[in-house]
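The sequence shown begins at 29 in the numbering used here and counts up one residue at a time.
Cβ coordinates follow ideal geometry from the N, Cα and C atoms, glycine included.
Predicted model only: the values in this text are computed from it and were never measured.
Everything on this sheet refers to the single structure shown next.
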Amino acid sequence: MGHNYAKPMTPEQKQARVLARVPPDWTLRIERPSGGQWRALMQPPGAEGAWCDEQPTLADALDAAWRLNRVAPT
Numbered sequence: 029m030g031h032n033y034a035k036p037m038t039p040e041q042k043q044a045r046v047l048a049r050v051p052p053d054w055t056l057r058i059e060r061p062s063g064g065q066w067r068a069l070m071q072p073p074g075a076e077g078a079w080c081d082e083q084p085t086l087a088d089a090l091d092a093a094w095r096l097n098r099v100a101p102t
């Protein structure tokens, strides 16, 4: 009997998925201190954005920033 397991996304696929969700009028900032980990900020126009916690990969930082700053549909 076969199983239908989803194949995990590559970091590039995860990064592309997150960036496709960010509206074009949002501010996006990415930082990685020398020898440090990644962090990102996403900021909607007219609102305060927040930096995500440090993450080991750029894709993880973008995903964390999106989850932290996205606005839930009303």
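Among K42, V99, A34, which one has its Cα closest to the Cα of A113? Beyond the ends of the chain as shown, which are 29 and 102, falls residue 113; an answer cannot be given.
Alpha carbon to alpha carbon, what distance is there between K35 and A68? 26 Å
Bridge partner(s) assigned by DSSP for M104: Past the boundaries of the shown model lies residue 104; the chain is included only from 29 to 102, so the question cannot be answered.
Below 8 Å on the Cβ atoms is my contact criterion, and I expect W94 with R49 to pass it. Report the Cβ-Cβ distance as a whole number of Å. 6 Å
P39 beta carbon less than 7 Å from that of A87: yes
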